[in-house]
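In the numbering used here, the protein residues as written are 562 to 684.
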């Protein structure tokens, strides 16, 4: 990633080969093509070629955020699984204080009727 590119686009455009009896010197052409291949490999591994530190920083941060997002999705699924058997419509889950007081009152009334006890006297 820290490798410097062999050619700039300008240098590549202006590149000229020496003549040989039947065209260009094959060794010279092969050498230049190898250098272009190396540049391509550097570019594929790091599209900025290491020449844009700000973009490299943003790309690194993006990768970190992707990892964090993936871990948060896993955590969210775990939390969903904890609550998947609880229905939003289930009456016992969403009880406000008034409902609780009514239920306690009914229980106290049952204690008084069935056991002939005053609920206020129970300790």
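Where is the CB? At the ideal position from N, CA and C, for every residue including glycine.
Best match in the options for proximity to residue i [C-alpha to C-alpha]
i	options	result
residue 568	588, 586, 600	600
Nonlocal neighbours in the same chain, by C-beta distance under 8 angstroms from residue i, ignoring five residues either side
i	result
residue 634	none
residue 685	Residue 685 lies beyond the stretch modelled for the chain, which goes from 562 to 684, so this question has no answer here.
Whole-Å CB distance - residue i paired with residue j, under 8 angstroms assumed
i	j	result
residue 603	residue 574	The Cβ separation is near 19 angstroms, so there is no contact.
residue 590	residue 576	That pair is no contact at about 10 angstroms.
Cα-Cα separation between residue i and residue j, rounded to whole angstroms
i	j	result
residue 664	residue 643	28 angstroms
residue 585	residue 572	18 angstroms
residue 588	residue 579	11 angstroms
residue 667	residue 637	40 angstroms
residue 675	residue 639	46 angstroms
residue 661	residue 645	25 angstroms
residue 629	residue 620	14 angstroms
residue 530	residue 632	No answer is possible for residue 530: it lies beyond the span of the chain, which begins at 562 and ends at 684.
residue 615	residue 582	49 angstroms
Cβ shell of residue i (< 6 angstroms), same chain only, five flanking positions each side left out
i	result
residue 596	567
Residues near residue i by beta carbon distance below 7 angstroms, same chain, minus five either side
i	result
residue 641	none
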